[in-house]
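Residue numbers (the working numbering): 20 to 834.
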Ligand code: ADP
Ligand code: MG
């Protein structure tokens, strides 16, 4: 096993010559590294023991008898089959050994000096290392071999011989050989005791030959050897001390260098830490950057995808828009082609318009003419017209057997007779006589032209006069199933408004009030005010009551609601509605504001519908208190009405309108251009004759105001013709207008559409540009980020390299 180390050990054989002296404590002894083949006969072997082995009879060429292991104390035997090199013919000797804690005790030896040969071979620790087995050999308690390390001399499985160790044996004939381990356990392969040659006498005398001793002076001999050894050792110690000093110096230098290196190492360490930290933060930032980059990349990918999608969609949209655009441009071309036609049409329209303007002017002239003519007709009839209506005898009168005193035989001619006695008859003439058989429709028929007058801008006043119970309220209000003048007039008014809506715009409002005891009460007021309502002059010829509620009405339904509200308000605060109503004047005022849409002419007119208080002469009966006051007020107001009418008839410069609230209110609707219709209501009963005569006298007085000019001939057929041609022209114009409007609208909508599409196209183009720009930007950003990442990874690599170099340096310096 140790064969490979042969050469190295054999090389060292001579070099180790100095060491031999250190091992051998007895002069004359020697260390033989090579195996000595045979002992010679001259050697005079006393005993040769094969330690740990058997008898070796005639081993090799030697005639020496090597006996089996004996005289030992302790230890163990050991054998190897390995070849022992350089051992000559005695290989078996070295293949066995005794080892452990042992000693050899030989006895029966004749007193004298002997030479001892010790044979060793390292057969256990064949792989070394040096220093595994170091031991001393003591003979007769004196150290003869010091710190022998077989392996360091010859290696393993090689013979090592310590020869010619001169030893003394005393008179006891005992030879004790002890083996003490310094490191590990001692080992021995063979012990050979030889007779020592005789020392010449002169050598003995001089006592200078070391290594020779006799039984008598054995201690001296050892002392000499020791002295020699001591001096040798001292020398060695000196040498070693010097070497030690040298080594100490070297160590000191090395220490210093180490300190410096440590310092440097610390520095390097700090730097390394710093770098490591930097590296760590760089790695961290790189990680962050990487995440950011990944995010950015994924975002970019996502955006790219959405952009691509958007672009695709935009492309599609653009395609669609292009198609639409071509369609639109085709339409536009068609439109443009239509333009000449349109121009033609426009010129045609223009001519129509001029025609229309012409016609309009003519129409306006005609309207004015018609108005004038109509007014003339109405005037011819008289501005104040008086109709007399006689109610039928009521159930009580019939049952009471009352006779009729009214003669209607000439009523168709407007003549009415009152039979005052058996042979006397008082005759009256009115514009119209209504017999008890005449219904509400007949009664209204004569008042209906007033509606036209109101809408033409004239003030109109229709009132019913007569004794209580003669049918004033019946004539004016009527019943729900048999409506009177009020409702019918207003119905006709709204019908005419509807007819005229193309040429006129109307604004109609209504006031409902009553005059009781010379006080005006607003019947449409939602809250009762203590403030007295008074008549004020607003402008020339126009009077109004400040603070009164004027309800704007747009349909007959609303009028009806207002009338109902007024009627309800009238009922509040009175025990007997009929009684109260007969003692107060119920007045409805309709204000009509009109605008002629053709010439812009504006008018404001009023229509008064008045249900007067009963005209009976209450003074006859001796009434007192409130009733007297009421009666006085009624009489005053009715006679004031008579006075006004009379003053108007006599064309007096002063018309006493202000004598009563009634006349004051009706001021602008009585006289002048205004038209008045008076229904004088009478009872047919003989019992009411006195009042009937009184009423008829009053009415006659009123009727006599103005006889009216002579009737004028008016050619209505011409007017009708003109009207129909005007209507046709208007119709044509309307149709043309509509056609132009439609064409214009079409053209405009097409233009708008084209503009919209253009705008959309432009917007989308802008969007595409935007998206492309953004894409470019994103790509640039990505490139930058990629560049940054590569830079960062380069930096990290650099840092890592630096770190590894530093690590190496540190490792080196530690070593
Ligand atoms: P006035 O208002 O003048 O006091 P009303 O209008 O209250 O009188 O009439 C009294 C009564 O006579 C009512 O019941 C009414 O219906 C009836 N009456 C009046 N005139 C007529 C008429 N022309 N035909 C039928 N009944 C009538
Ligand atoms: Mg009445």
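In this text, a Cβ means the ideal position worked out from N, Cα and C, and glycines have one as well.
Open item on the list: Measuring straight from C-alpha to C-alpha, what distance separates residue 295 and residue 314?
Closed with: Against the chain shown, residue 295 aligns to sequence position 276. Against the chain shown, residue 314 aligns to sequence position 295. One C-alpha to the other measures close to 27 angstroms.
- [ ] Check whether the region 182 to 190 touches the region 92 to 112, counting contact only when three or more Cβ pairs, one atom from each stretch, lie closer than 8 angstroms.
- [x] no
Task: Residues near residue 737 in its chain [Cβ-Cβ closer than 8 angstroms; skip 5 each side] - done: On the chain shown, position 718 is the one that residue 737 refers to. Note that residue 737 has pLDDT 47, beneath the 50 cutoff, so the model's placement of it is unreliable and no number is given.
TODO: Tell whether a beta-carbon distance below 8 angstroms holds between residue 176 and residue 112.
DONE: Walking along the chain shown from the start, residue 176 turns up at place 157. Walking along the chain shown from the start, residue 112 turns up at place 93. No, Cβ-Cβ distance for residue 176 and residue 112 is not below 8 angstroms.
Task: Burial state of residue 723, where buried means 16 or more other Cβ atoms lie within 10 Å - done: Numbered from its first residue, the chain shown carries residue 723 at position 704. So residue 723 ends up on the exposed side.
Task: Bridge partner(s) assigned by DSSP for residue 565 - done: Here residue 565 refers to the residue found at position 546 when the chain shown is read from its first residue. Residue 565 is not bridged to any residue.
Open item on the list: Within 8 angstroms, do at least three Cβ pairs link the region 131 to 150 to the region 95 to 102?
Closed with: yes
Open item on the list: Please identify the residue among 45, 148, 134, 190 whose C-alpha is closest to the C-alpha of residue 161.
Closed with: Your numbering for residue 161 matches position 142 in the chain shown. A check of alpha carbon separations from residue 161 across 45, 148, 134, 190 identifies 45 as the nearest.
- [ ] Report the option in 569, 772, 503 whose CA atom is closest to the CA atom of residue 628.
- [x] Indexing the chain shown from 1 puts residue 628 at position 609. For residue 628, the closest C-alpha among the options 569, 772, 503 is that of 503.
Open item on the list: Can you tell me whether residue 451 is helix, strand or coil according to DSSP?
Closed with: Position 432 of the chain shown, counted from the first residue, corresponds to residue 451. Strand, per DSSP.
TODO: Would you mind working out which of 785, 584, 619 sits nearest residue 607, comparing C-alpha positions?
DONE: For the purposes of this step, residue 607 is taken as residue 588 along the chain shown, with counting starting at 1. Relative to residue 607, the option among 785, 584, 619 whose CA is nearest is 584.
Task: Contact test: residue 600 Cβ vs the ligand MG heavy atom, cutoff 7 angstroms - done: Here the question's residue 600 lines up with position 581 in the chain shown. Yes, since a heavy atom of the ligand MG falls inside the 7 angstroms radius drawn around the Cβ of residue 600.
Open item on the list: What does the alpha-carbon distance come out to for the pair residue 554 and residue 582?
Closed with: Counted from its first residue, the chain shown places residue 554 at position 535. Counted from its first residue, the chain shown places residue 582 at position 563. If you take the alpha carbons of residue 554 and residue 582, they lie about 22 angstroms apart.
Open item on the list: Considering only DSSP beta bridges, list what residue 155 is partnered with.
Closed with: As a first step, residue 155 is located in the chain shown; it is residue number 136 there, counting from the start. Residue 155 pairs with 199.
Open item on the list: For a minimum of 3 consecutive residues, which ranges assigned as the beta strand (DSSP E) are wholly contained in the region 511 to 562?
Closed with: 523 to 535, 538 to 541, 555 to 558
Open item on the list: Quick check on the DSSP output: the beta strand (DSSP E) that includes residue 646 runs from which residue to which?
Closed with: Residue mapping note: residue 646 aligns to position 627 of the chain shown, counting from 1. Unbroken run through residue 646 is the alpha helix (DSSP H), 644 to 668; no beta strand (DSSP E).
Task: Other residues of its chain near residue 605: CB distance less than 6 angstroms, five sequence neighbours each side excluded - done: Reading the chain shown from its first residue, position 586 is the one you call residue 605. Counting only Cβ-Cβ distances below 6 angstroms, and skipping sequence neighbours, we find 533, 630.
Task: Own chain residues within Cβ distance below 7 angstroms of residue 648, not counting five before or after - done: Sequence index remark: in the chain shown, residue 648 carries index 629 (1-based). If we look at residue 648 and ignore the five residues flanking it on each side, its Cβ neighbours are 536.
TODO: For residue 235, name the three-state secondary structure that DSSP assigns.
DONE: Looking up residue 235 in the chain shown gives position 216. In this prediction, residue 235 scores a pLDDT of 42, lower than 50, which makes its location untrustworthy; the coordinate-derived value is nonetheless stated afterwards. Here residue 235 sits in coil by DSSP.
Task: Validate contact between the region 334 to 345 and the region 813 to 828 using beta carbons, cut 8 angstroms, 3 pairs - done: no
Open item on the list: Given a cut-off of 8 angstroms on the beta-carbon distance, is the pair residue 382 and residue 754 in contact?
Closed with: What you label residue 382 is simply residue 363 of the chain shown in a count that begins at 1. What you label residue 754 is simply residue 735 of the chain shown in a count that begins at 1. Cβ atoms of residue 382 and residue 754: not closer than 8 angstroms.
Task: Segments of 3+ residues assigned as beta strand (DSSP E) that fall wholly inside the region 407 to 466 - done: 434 to 438, 444 to 448, 451 to 453
Task: Whole-angstrom distance between residue 389 and residue 733, CA atom to CA atom - done: Along the chain shown, read from residue 1 onward, the residue named residue 733 stands at position 714. Along the chain shown, read from residue 1 onward, the residue named residue 389 stands at position 370. Below a pLDDT of 50, predicted positions are generally treated as unreliable, and residue 733, at 32, falls in that range; the measurement from the model is reported next regardless. Spanning the two alpha carbons is a distance of roughly 10 angstroms.
TODO: Report yes if the CB atom of residue 570 is closer than 8 angstroms to the CB atom of residue 543, and no otherwise.
DONE: The sequence position of residue 570 within the chain shown is 551, counting from 1. The sequence position of residue 543 within the chain shown is 524, counting from 1. Yes; because the gap between Cβ atoms is below 8 angstroms, this pair is in contact.
Task: Where residue 782 sits in the DSSP three-state scheme - done: The count along the chain shown starts at 1 and reaches residue 782 at position 763. Three-state DSSP puts residue 782 in a helix.
- [ ] Answer with buried or exposed for residue 711, where buried requires no fewer than 16 other C-beta atoms within 10 angstroms of its C-beta.
- [x] If you number the chain shown from 1, residue 711 lands on position 692. Classification for residue 711: buried.
Open item on the list: Let me check understanding here. Comparing Cα to Cα, which of 151, 769, 324, 622 lies closest to residue 353?
Closed with: Position 334 of the chain shown, counted from the start, is the residue given in the question as residue 353. Here the closest residue by C-alpha is 769.
Task: Spatial distance of residue 280 from residue 830 (CA atoms) - done: Position 261 of the chain shown holds residue 280. Position 811 of the chain shown holds residue 830. The alpha-carbon atoms of residue 280 and residue 830 are separated by roughly 11 angstroms.
Open item on the list: Extract the residue ranges of the alpha helix (DSSP H) inside the region 471 to 496, only unbroken runs of 4 or more that lie entirely within it.
Closed with: 491 to 495
- [ ] Identify whether residue 143 lies in helix, strand or coil by the three-state DSSP scheme.
- [x] Position 124 of the chain shown, counted from the first residue, corresponds to residue 143. Residue 143: coil per DSSP, three-state reduction.
Open item on the list: Whole angstroms are fine: how far does the CA of residue 310 sit from the CA of residue 789?
Closed with: Numbered from 1 along the chain shown, position 770 holds the residue referred to as residue 789. Numbered from 1 along the chain shown, position 291 holds the residue referred to as residue 310. Going by the C-alpha atoms only, they are around 28 angstroms apart.
Task: Nearest residue (CA-CA) to residue 361, options 473, 643, 765 - done: The count along the chain shown starts at 1 and reaches residue 361 at position 342. If we check each option's Cα against that of residue 361, 765 comes out closest.
- [ ] Measuring alpha carbon to alpha carbon, tell me which of 493, 376, 577, 347 ends up nearest residue 752.
- [x] As a working mapping, residue 752 is identified with position 733 in the chain shown. Looking at the Cα atoms, 376 is the closest of the given residues.
Open item on the list: I need the straight-line Cα distance from residue 622 to residue 509, nearest angstrom please.
Closed with: Here the question's residue 622 lines up with position 603 in the chain shown. Here the question's residue 509 lines up with position 490 in the chain shown. Taking the straight line joining both Cα atoms gives about 18 angstroms.
- [ ] Tell me whether residue 673 sits in a helix, a strand or coil according to DSSP, three-state version.
- [x] Residue mapping note: residue 673 aligns to position 654 of the chain shown, counting from 1. Three-state DSSP puts residue 673 in coil, outside helix and strand.
Task: Neighbourhood of residue 148 by C-beta distance below 8 angstroms, restricted to the same chain and skipping five residues each side - done: Here residue 148 refers to the residue found at position 129 of the chain shown. Only 170 meet the Cβ criterion.
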